[in-house]
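In the numbering used here, the protein residues as written are 0 to 555.
Shown next, in structure tokens, is the structure this report addresses.
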């Protein structure tokens, strides 16, 4: 058994966990992070990509609105390369109660959420596909955020300040001595080795899984997993985040993110964050509600559907998931349960991850006797060029993007291909992923499978959903990794290819009609009839997550 010692162990490799790790490292606290999959494997990698202005919550949850409004501006300042400046609109459609608009404006003023009413004709000029019958329109400070890039950027910055990141390490138990938690037992899913980590303090930042981690120490956290289903459309049908001006409900937002637009979302309680499916009724509801914003959207090409699980903390009984506040809750188990050595951070939004991390680390630092203040609101996170996750997508790689705007630029991939004349090296034509991008990601520490490459480079996330790039990526993986001395025991490229195709298939299944059905039939002919991937030699998948029987997919 391998044994490690650290001052603080962070459990959970999502936005909040990576943010807490960076905060700890910047304060000079020795720290490590463990995550059972790749970074962003959980809810962080399965949401619609919205940088909240706060407008969605101004009436129903003003505290969350205030938090989002403040953090929105901070994130734009410290990580502009992870954010696209789309702007946002709240519009009153014929199906909405027009009287809500006045409540919305008044609530924006009270909570500090920037808002400006614009003429309907101006909203239609900006977004020509919008419902021409909208009655009022309000501009807000919404944006689009790359949660994959942002999480890796935080983790990379933490590493630069001495932190350790351990992906594919699943926590199997917490070690408790009397009324104090002193460490954790983890399983390295790639080697099967057990790792004991002694820690002066543990931060439980596992979101919807926080209750499962707490239970290992005999503690109870009432987290209500709220499933949110989303649909990715074939193209950016809007370039502005568009919300219906009404109380938050199902299917009332469209977010343009990278090359697609995401329709969402639902909010359905599920008993287990690891077990859920996507029903045809959910897909139908989202498309029908989308018609109120974009007439004809239900007849456009839908690429895939997926779901994420919100970690809603329930202090007391509420009517339903949407009645539970979206603000976060920091649980100090010493004062709450009489058990020291661990805190849990639950609830919140992606937009408030930095604030959640600051609040958490403030408490931990106090317990450790560290007086160094938080600096994460002021220190810019520099784009990385040596990490697989950031290098292929960071606009700083492209002089064209950097000259145009400090924010993420949609066209930077094309600018790079044109500047390098690398058209012949494209592996994924849909997302303009070149061989250089892919090789850098494959060589990156912690990359265990092709799905990691998707999170790092957007491989297979376009219209063909991996139809033409998967076998190319598998071949490059075989070239670089199969048989290498540092990957002995890892699954071969053939096993990774089948796993990746299965993961893509699960998300496409709910959208099998029209062009997407024809595309999947072509992919089936390519992989089953021509390449016969179902008859390739069997191989172990121990180093990657086993395919599930339920649809659990990650954000496009």
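Ideal Cβ placement from N, Cα and C applies to all residues, glycine included.
All values reported here derive from a predicted model rather than from experimental measurement.
Beta-bridge partners of residue i, as assigned by DSSP
{"i": "residue 339", "result": "179"}
{"i": "residue 327", "result": "346"}
{"i": "residue 7", "result": "30, 200"}
{"i": "residue 566", "result": "In the structure as shown, the chain begins at 0 and stops at 555. Residue 566 is therefore absent and cannot be evaluated."}
{"i": "residue 148", "result": "For residue 148, which the question treats as bridged, DSSP gives no partner whatsoever."}
{"i": "residue 195", "result": "2, 184"}
{"i": "residue 71", "result": "Per DSSP, none; premise fails for residue 71."}
{"i": "residue 420", "result": "Note: residue 420 sits in no beta bridge, so no partner."}
{"i": "residue 312", "result": "222"}
{"i": "residue 142", "result": "50"}
{"i": "residue 136", "result": "90, 117"}
{"i": "residue 40", "result": "Answer by DSSP bridge pairing: none, since residue 40 is not bridged."}
Coarse secondary structure for residue i, derived from DSSP in three states
{"i": "residue 163", "result": "strand"}
{"i": "residue 399", "result": "Unreliable placement is indicated for residue 399, whose pLDDT of 32 sits below 50; the coordinate value is still reported in the next sentence. Residue 399 falls in the helix class under three-state DSSP."}
{"i": "residue 231", "result": "strand"}
{"i": "residue 305", "result": "strand"}
{"i": "residue 462", "result": "coil"}
{"i": "residue 255", "result": "strand"}
{"i": "residue 406", "result": "coil"}
{"i": "residue 412", "result": "helix"}
{"i": "residue 264", "result": "coil"}
{"i": "residue 277", "result": "coil"}
{"i": "residue 58", "result": "coil"}
{"i": "residue 173", "result": "strand"}
{"i": "residue 427", "result": "strand"}
{"i": "residue 432", "result": "strand"}
{"i": "residue 156", "result": "helix"}
{"i": "residue 361", "result": "helix"}
{"i": "residue 271", "result": "strand"}
{"i": "residue 332", "result": "helix"}
{"i": "residue 282", "result": "helix"}
{"i": "residue 216", "result": "coil"}
{"i": "residue 240", "result": "strand"}
Residues near residue i in its chain [Cβ-Cβ closer than 8 Å; skip 5 each side]
{"i": "residue 389", "result": "Low confidence applies here, because residue 389 scores a pLDDT of 38, under 50, leaving its location unreliable; read the following figure in that light. Closer than 8 Å at the Cβ level, and outside the excluded window around residue 389, lie 148, 151, 152, 155, 382, 383."}
{"i": "residue 297", "result": "286, 287, 289, 290"}
{"i": "residue 527", "result": "533"}
{"i": "residue 192", "result": "0, 1, 186"}
{"i": "residue 589", "result": "Past the boundaries of the shown model lies residue 589; the chain is included only from 0 to 555, so the question cannot be answered."}
Proximal residues to residue i (C-beta, below 6 Å), its chain only, five neighbours per side dropped
{"i": "residue 221", "result": "313"}
{"i": "residue 49", "result": "254"}
{"i": "residue 163", "result": "31"}
{"i": "residue 197", "result": "4, 182"}
{"i": "residue 77", "result": "379, 380"}
{"i": "residue 68", "result": "53, 111, 112"}
{"i": "residue 210", "result": "220, 222"}
{"i": "residue 385", "result": "The predicted position of residue 385 is uncertain, since its pLDDT is 44 and thus under 50; a value taken from the coordinates is nonetheless stated next. Cβ neighbours of residue 385 beyond the five flanking positions: none."}
{"i": "residue 106", "result": "57, 58"}
{"i": "residue 115", "result": "138"}
{"i": "residue 451", "result": "37"}
{"i": "residue 464", "result": "503, 507"}
{"i": "residue 172", "result": "184, 215"}
{"i": "residue 347", "result": "327, 355"}
{"i": "residue 457", "result": "430"}
{"i": "residue 35", "result": "169"}
7 Å CB neighbourhood of residue i in its chain, flanking five on each side removed
{"i": "residue 515", "result": "300, 301, 302, 507"}
{"i": "residue 294", "result": "130"}
{"i": "residue 227", "result": "263, 264, 265, 266, 306, 307, 309"}
{"i": "residue 357", "result": "22, 373, 375"}
{"i": "residue 19", "result": "9, 202, 204, 356, 359, 360"}
{"i": "residue 272", "result": "207, 208, 224, 308"}
{"i": "residue 55", "result": "242, 247"}
{"i": "residue 352", "result": "14, 15, 18"}
{"i": "residue 212", "result": "10, 170, 203, 205"}
{"i": "residue 91", "result": "97, 100, 133, 134, 135, 244"}
Near the ligand ATP: residue i beta-carbon under 8 Å from a heavy atom
{"i": "residue 56", "result": "Because no ligand of any kind appears in the structure shown, any question about the ligand ATP cannot be addressed here."}
Min CB distance residue i to chain B below 9 Å
{"i": "residue 54", "result": "Absent from the structure: chain B. Only one protein chain is present."}
**OP:** Give a yes or no on contact between the region 237-245 and the region 160-180, applying the rule of three or more CB pairs nearer than 8 Å.
**Re:** No contact exists between the region 237-245 and the region 160-180.
**OP:** Taking 8 Å as the threshold, find out whether the region 280-293 comes into contact with the region 116-125 through three or more Cβ pairs.
**Re:** Taking a cut-off of 8 Å for Cβ pairs, the region 280-293 and the region 116-125 do not touch, as fewer than three such pairs fall below it.
Original post:
Does the region 195-203 come close enough to the region 41-56 that 3 or more CB-CB pairs lie under 8 Å?
Top reply: Touching, no.
**OP:** Report the residue ranges of all alpha helix (DSSP H) runs contained in full by the region 443-530; include only those spanning at least 4 residues, in chain order.
**Re:** Counting only runs of 4 or more, we get 449-456, 469-479, 492-507, 513-523.
Subject >> beta strand (DSSP E) segments (min. 3 residues) lying fully within the region 60-115 >> reply: Counting whole runs of 3 or more residues, the region 60-115 contains the beta strand (DSSP E) stretches 87-91.
Original post:
Do the region 462-480 and the region 434-450 meet, that is, are 3 or more Cβ pairs less than 8 Å apart?
Top reply: These segments touch.
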